[in-house]
Amino acid sequence: MESFITYFPETSTILFGRAWEPRQRGGVSGQDTGYEDRLRMADDGQAEVLLDRLRALAADRDGHKDGAGVEALRVVSSKLHARTIAQGGQRVAAVSQLMGSNSSTASSLLRVMATLSPKEVHAAETLVSDLVWLLYRIALRDPKFSSKVRAAGASKVLHVVLRTQASGGRLLLPALHILQVITKNPSVSSALARDGVAPTLEKLLSGTGVLPSPRLRLILLVIANLCRTRPFLARLCRGPLLPLLLRPMSRWDSFSGRVRLRICQCTLVALQYAVSSKAGRKALVSGSGAAALQRFCRLCPEEKAYDAMVSRVCGILQQLGERKGLPVQSWVGPATFQYAPGDHWADGDGGCSDDSGDEVDDAEDPDDDEDDDGEAELDDEEGGAVRQDTSGQSSRRSSHRGSVQDVLDAMAEAPDSPHRRDSQELVMYAPFCRELLDTGPRGAEMKPNPLAAGDESSGLAVLQGVCATLPPRRAYCALASRVRAVVKACKVAYPDMVGGGCGGQLQPLSPRDRRVCRAKLLQCVDRVLQPGQLWNIVAYDLDRLIAEVPIKPPSPDSRILKNDDESRLGSRQASTNGLRFESRFESGNLRKAIQIGHREYDLILSSDVNSTKHHQWFYFEVCNMEGEAPYVFNIVNNEKANSQFNFGMQPIVYSVREATLGRAGWTHMGTDICYYRNSYQRPDGRRGRLYHTTTFSIKFPHSWDVCYIAYHYPYTYTQLLMQVLRWSRNAGEDVVFRAEPLCRTLNGNEVPLLTVTAKDTKQNPIQGRSILFLTARVHPGESNSSHVIQGTLDALLAPTALGRALRAAHVIKVVPMLNVEGVVNGCHRCGLTNDDLNRKWSKPDPKLHPSIYHTKGLLEYLTRVQRRPPFVFIDFHGHSRKKNIFVYGCSRADSWSTADRAQPDNPAEYAVLPQLMSLVAPAFSLSSCSYRVERAREATARVTVWRELGVNRAYTLEASYCGCDQGPYQGYQLSSAHLREVGANLCQALASLPEETERQRRLQQGQGGLQQGQGGGMTPAQGPAAVVPTMVKLSPLSVVARLGANAVPAGVPASAS
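763 is the number that full-length UniProt numbering gives to position 763 of the sequence shown; each next residue is one higher, with no gaps.
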């Protein structure tokens, strides 16, 4: 076998080795395999010597400016390159050794490259060739390669190499591969742009032509990466590079296969960055770029693979159009609220990040629905004794010994919160807990409720004087007339007045037709380029109605709001040929309707009060329609980057005619549904920030009907008041149900606080019961959370074994609507102060955020004065970007804080309830649950209650607006009946929670960790990093057998199960 000997004169080193040869996979019988192993070990040793030698030469490069240093580098790099071009597995092994033997190999090669002068680059062609090929091999596999190039300062010499190979040298492709990798780093891209890489790319692109090739694709990828930097973007827009870039788009139809897709995609990415500047837009328009892009849209194949490119092209064309805002009088909505002289203005963004998550709102707007809630922790009575109540029913009493003491100890060890209120001040909340104060709050004297006016401590003032014999419709109108709104209502909505629900039957998710979405995008582009074809007839203008036709104060004989929809059925409005709209009722939201075609309307939603953003919730009336004719509605000022409307969600429609015929109320309806970005500029001043359109078509079932269209099932403040009346009148003799005003809002509306428990008995005293604390509707647009919490309250107050068990074991405190003002005024995210109230829990303002301030105060009173921290705290929310029902909890092991992760984590305290929900709730998704504590969520209810009050079971329960993609409800949308079913399922899980928590605690104490379940396990003893909360093993006997798992829920077709 041929071998070689290499001598290094600088260090008097002799290296013995042999040439690389492919190894035989199978050996001949009797062959000496040990000899092959010895040869392979010799090869590995040779590689290590070569790499060590390379690093030494790189370190001493400054001392070797003569030819001897270059020659030594050439020899070493040649040997390494020879190993990497071997055949088969030897090449892979050699490259892996380059990557893994020492992380400084790439840095050494780059330092050598950085020290080469332009003269040496031209002279030492062999050395440069070997180095470039070695760097090419490493660049494809090293994720930190671009950072190493930046640290070594090698970008300039790499540009020199590219420039020398621009005429078609053999190093052009590896040099382009290297540049394609390193230009992903913004700093390297900026350095290359300053070094004048644009002319080099112009030369390369002009010499490459438009025929598809790997070289063309790499050049376009490099240009697309460089377009992220302003210096290169300026050169692109002013020089000849942009016309060269458009050449592949003008000839795209001559390509075929995947190459066409890749080349067009790279070109479009570069053009997207180009249109972000004024010079780029001007160059594209003057250089016939718009015409080439329009031609692409017209001739683009109908295949699915081209949908993403069509979307990109439409976005570019919309940017090329005339910059325009919404056709409204001002960015701020028509609903504005003036503060009293003593009030101060809140921060402009209100701490919002809009999903959601979200609502970190979308990828652009972090204020989305992913808001956190929390739960508190409590345990069973010591010894697990079961008490007998007077009726002979057994119920487990959860004393606070154990878990409560753990919470109080943790609070004592934790540093005081800078926003903690004085204990003497917290005594003001004692009237809200008078069922717990038979002996007084730790000796404190009982004081009247200072938050209520007059006799309101005994009930809600808004409900006073509502006669029990009054018909429900008249009662609703009477209560709605007492609600204070920023924009005076002119009527009550018919569905709310009659308690409009739904049929309860599952409706399938709407199938998405990608061809419809493509057609909508192209139609949007045509509207931008040819705006004169639109009718632009204003059909509804809330700004004008408020300014020019103010509603007169009601006369003494007409103080009550009414609804006359039934009398209008079948009558055509002769004054107009189109639809008529109305949104001046509680929770209504529609600012303007513009007819742009025969049966097509652009709709503009109102922003939140005193805000310029948060457009998602809509609820309006429409009439004067023709039956079975398709009407197209385009809601043009949505903000989120994506929506469940693209994934099966439909708006809901209520037909008054159908309701009078005794048929289902709210129903999912709509076809040709699509959500996409349009050309309307958002008010933040940045060119690239555009609104999105929700478009859908509806065929109304009857002519001259009165219909209501909404984003989701509405749940108004007046509906809540009606439910409170119903609960209070129907509560059994053994039920303690109390409704009282926790506080008043800025506009004077009451925030209800509900208390539910069983009557005090000697066998089951109230003082021995744990606390459950539930809140909902902090975001007014999340009406699904109200339906869920109504289902929870219905189950708690029901005369069933489950209801009696929960009332006997707990005192339940409920704030069912935290953001009353937002609900009343049809807001989506905020209330009257442009503040996201779920970002104000850490430091709420008593004047601007009274509901949050006093809810937190009541929680602090229970925890610090009464020393009765809630066993569970749940904040109910809605989610616009995910499907199913799920929860967010708090885990120390998954916290952003190092101090949290350093403390022991106990998943048995927070992971049991989600497991129980997954057993009893068919819509619940355990895989969607998360226990992460993010820094951005520190001011939410869930994290604040968990961190400041020590409540370990603090949750946010999220309900999808859309439907489910797992379980028995997979492929179906959730109705209001199914949302209330989720609330009842929660009661089932809460009933079993104390027993299951105690069982998990005993398992931990007896075995040093949670037992491994069938599908996996969780062992907290291994440390926080090993925690997998979803693997808590539950007791089938205590959960499924006692509560009953819903195998196939009512209303689910057999095929769905």
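Cβ atoms here follow ideal geometry from the backbone N, Cα and C, with glycine treated the same way.
Where Asp602 is concerned, there is no enclosing alpha helix (DSSP H), although the beta strand (DSSP E) around it starts and stops at Glu600 to Ile604.
His702 has no beta-bridge partner at all, per DSSP. For the set Pro199, Pro214 and Lys144, the Cα lying nearest the Cα of Leu172 is the one of Pro214. Leaving aside the five residues that flank His702 on each side, the residues in its chain whose CB is nearer than 7 Å to its CB run, in chain order, Gly627, Ser655 and Arg657. Check the Cα spacing between Cys467 and each of Tyr676, Arg323 and Ala478: the tightest is with Ala478. Relative to the Cα of Ser770, the nearest Cα in the group Gln533, Asn610 and Phe871 belongs to Phe871. Taken atom to atom, the span from the alpha-carbon of Leu818 to that of Thr671 is near 35 Å. Distance from the CA atom of Ser107 to the CA atom of Gly239, rounded to whole angstroms, is 35 Å.
A straight line joining the alpha-carbon of Val197 with that of His159 spans about 7 Å. Contact between the region 939 to 953 and the region 838 to 852 is present, with at least three C-beta pairs closer than 8 Å.
Restricting attention to Met113, Lys184 and Asp142, the CA atom closest to the CA of Val157 is found in Met113.
Out of Asp684, Arg804 and Arg677, the CA that lies nearest to the CA of Val735 is found in Arg804. Residue environment analysis places Pro714 among the buried positions, since at least 16 neighbouring C-beta atoms fall within 10 angstroms of its C-beta. For Tyr910, the CB contacts under 6 Å within the same chain, skipping 5 residues up- and downstream, are Gly889, Asn952 and Arg953 in chain order. With contact defined as three or more Cβ pairs closer than 8 Å, the region 499 to 511 and the region 962 to 977 are in contact. Counting only runs that start and end inside the region 705 to 734, the beta strand (DSSP E) elements of at least 3 residues fall at 706 to 710. By the Cβ neighbour-count rule, Ala989 is buried, with 16 or more other Cβ atoms within 10 Å of its own. Of all alpha-carbon atoms in Thr718, Leu134, Arg323 and Phe337, the one lying nearest the alpha-carbon of Leu848 is that of Phe337. Bounds of any alpha helix (DSSP H) do not take in Ile560, whose DSSP letter is neither H nor E. When DSSP reads this structure, Gly878 sits in a beta bridge with Ala959.
In the three-state reduction of the DSSP assignment, Asp836 falls in the coil class, being assigned neither a helical nor a strand state. Nearest in C-alpha terms to Ala493, of all of Leu127, Ile652, Arg515 and Glu621, is Glu621. Only residues of its own chain outside the window of five on either side were considered, and among them Trp841 and Ser842 have a CB closer than 7 Å to the CB of Thr944, listed in chain order. In the three-state scheme derived from DSSP, where H, G and I count as helix and E and B as strand, Cys929 is classed as coil.
The beta carbon of Gly878 sits closer than 8 Å to those of Asp369, His712, His779, Gly781, Glu782, Ser783, Asn784, Ser785, Glu958, Ala959, Ser960 and Tyr961, all from its chain and outside the five residues before and after it, given in chain order. Taken in chain order, the whole beta strand (DSSP E) runs of length 3 or more contained in the region 789 to 815 are 810 to 815. Straight-line spacing of the CA atoms in Gly826 and Gly588 works out to 5 Å. By the C-beta criterion, the region 674 to 681 is judged not to be in contact with the region 718 to 730, since fewer than 3 inter-stretch pairs fall below 8 Å. Annotation for Ser655: the continuous beta strand (DSSP E) segment containing it runs Ile652 to Ser655. Cβ neighbours of Val310 within its own chain (closer than 7 Å, five residues either side excluded): Cys297, Cys300, Arg518 and Leu521.
Rounded to the nearest whole angstrom, the CA to CA distance from Arg258 to Leu245 is 19 Å. Among the bridge pairs identified by DSSP, Pro508 is matched with Tyr972. Distance from Arg312 to Leu241 at the Cβ level is roughly 19 Å; contact not present, criterion being Cβ atoms closer than 8 Å. In the three-state scheme derived from DSSP, where H, G and I count as helix and E and B as strand, Ile263 is classed as helix. Between the C-alpha atoms of Gln329 and Ala795 there is a straight-line separation of about 48 Å.
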